[in-house]
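Q: Numbering (my numbering), first residue to last: 25 to 191.
My structure is below; once you've seen it, I'll send some questions.
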Amino acid sequence: MSHATKTTHPKEMMKVLGVDDIQKAFFAHIGLYLTDPEKAHMLEFSAVGSPRVHKTLLLETTGRDSGKARLAPLVYLEYGDTYTLIGTNAGATTHPHWAKNLMANPHCHIRVASRQFDAVARVVEGDERENLYAMWEQAFEPIAQYKYKTAGRVIPVFVLDDLTPTN
25 MSHATKTTHP KEMMKVLGVD DIQKAFFAHI GLYLTDPEKA HMLEFSAVGS PRVHKTLLLE
85 TTGRDSGKAR LAPLVYLEYG DTYTLIGTNA GATTHPHWAK NLMANPHCHI RVASRQFDAV
145 ARVVEGDERE NLYAMWEQAF EPIAQYKYKT AGRVIPVFVL DDLTPTN
């Protein structure tokens with residue numbers, strides 16, 4: 025996306041980009057990840073109020089109702105030797121579908137650039153959640169405002185535990 029706007033609220037973003045444009049961009053990013061994961065790994069986010077380029081991964085979950093594979097390109101942060109995700113849904117009052125899928129079945133498949141692995145996602149709580157949430161606020165500016173828009177929904181923070189055997 026190369027839109028120059030600096031909107032931070034998802035409704036404003038949808039007005040600027042149009043829902044069809046957002047959906048096209050979402051599916052285009054999935055397609056790029058499947059064909060050129062190194063290029064797809066870095067994504068520019070100025071359209072949602074972040075002037076930075078962020079690292080993304082491709083999360084594959086199992087649909088909680090359908091049982092089908094579901095793909096979602098997501099911004100992540102490194103956390104030790106693994107990764108963390110945050111289910112902001114851009115400050116909406118409901119969890120994103122990918123987060124609901126992980127809560128129903130935490131087993132998932134991850135693609136980070138050209139690296140792929142199976143993982144188990146866990147929702148973190150307490151001090152670990154607070155520390156990770158603070159990391160997210162520092163790394164992705166819009167998150168600081170999302171907690172005020174969720175109508176009391178606690179934004180889930182996930183850690184992905186790699187299931188790859190170590191030698």
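Think of the CB as a built atom: it goes at the ideal place given N, C-alpha and C, for glycine as much as any other residue.
Small disclaimer: the values here were computed from a predicted structure and weren't measured.
Please go through the same chain and pick out, in chain order, the residues whose beta-carbon is closer than 6 angstroms to the beta-carbon of residue 175, but skip the five residues on each side of it.
A: Cβ contact annotation for residue 175 (same chain, cutoff 6 angstroms, sequence separation greater than five): 117, in chain order.
Q: Can you tell me the Cβ-Cβ gap for residue 160 and residue 67, rounded? I've got them flagged as a contact below 8 angstroms.
A: Between residue 67 and residue 160 the Cβ distance is about 16 angstroms, and since that is not below 8 angstroms, they are no contact.
Q: Measure the C-alpha to C-alpha separation of residue 130 and residue 111 and round it to an integer number of angstroms.
A: Cα to Cα, residue 130 sits roughly 14 angstroms from residue 111.
Q: Go through its chain and collect everything with a Cβ distance to residue 177's Cβ below 6 angstroms, but skip five positions before and after it.
A: The answer, listed in chain order, is 117.
Q: Which same chain residues, not among the five before or five after residue 135, have their C-beta less than 7 angstroms away from its C-beta?
A: 57, 61, 81 and 82
Q: Which residue marks the beginning of the alpha helix (DSSP H) containing residue 131, and which one marks its end?
A: Looking at the DSSP string, residue 131 is not in any alpha helix (DSSP H); the run it does join, the beta strand (DSSP E), is 131-136.
Q: Quick test of your reading: residue 156 and residue 108, contact by CB under 8 angstroms. State the CB separation rounded to the nearest angstrom.
A: Contact flag correct, Cβ pair sits at about 5 angstroms.
Q: For residue 144, which residues from the same chain have a beta carbon less than 8 angstroms from its beta carbon, with the 5 sequence-adjacent residues on both sides left out?
A: 130, 131, 132, 184, 185 and 187
Q: Are the beta-carbon atoms belonging to residue 99 and residue 65 less than 7 angstroms from one another?
A: no
Q: Using the Cα positions of residue 120 and residue 126, report the straight-line distance between them to the nearest angstrom.
A: 10 angstroms
Q: Where do the N-terminal and C-terminal ends of the beta strand (DSSP E) with residue 142 fall, by residue?
A: 139-147
Q: Look at the alpha carbon of residue 52 and the alpha carbon of residue 95, and state the distance between them as a whole number of angstroms.
A: 12 angstroms
Q: Which whole-angstrom value is the C-beta distance of residue 137 and residue 88, which I expect to be below 8 angstroms?
A: 28 angstroms between Cβ atoms; not a contact.
Q: Can you find a CB in chain D that lies within less than 7 angstroms of the CB of residue 167?
A: Within the model displayed, chain D is absent; a lone protein chain is all it includes.
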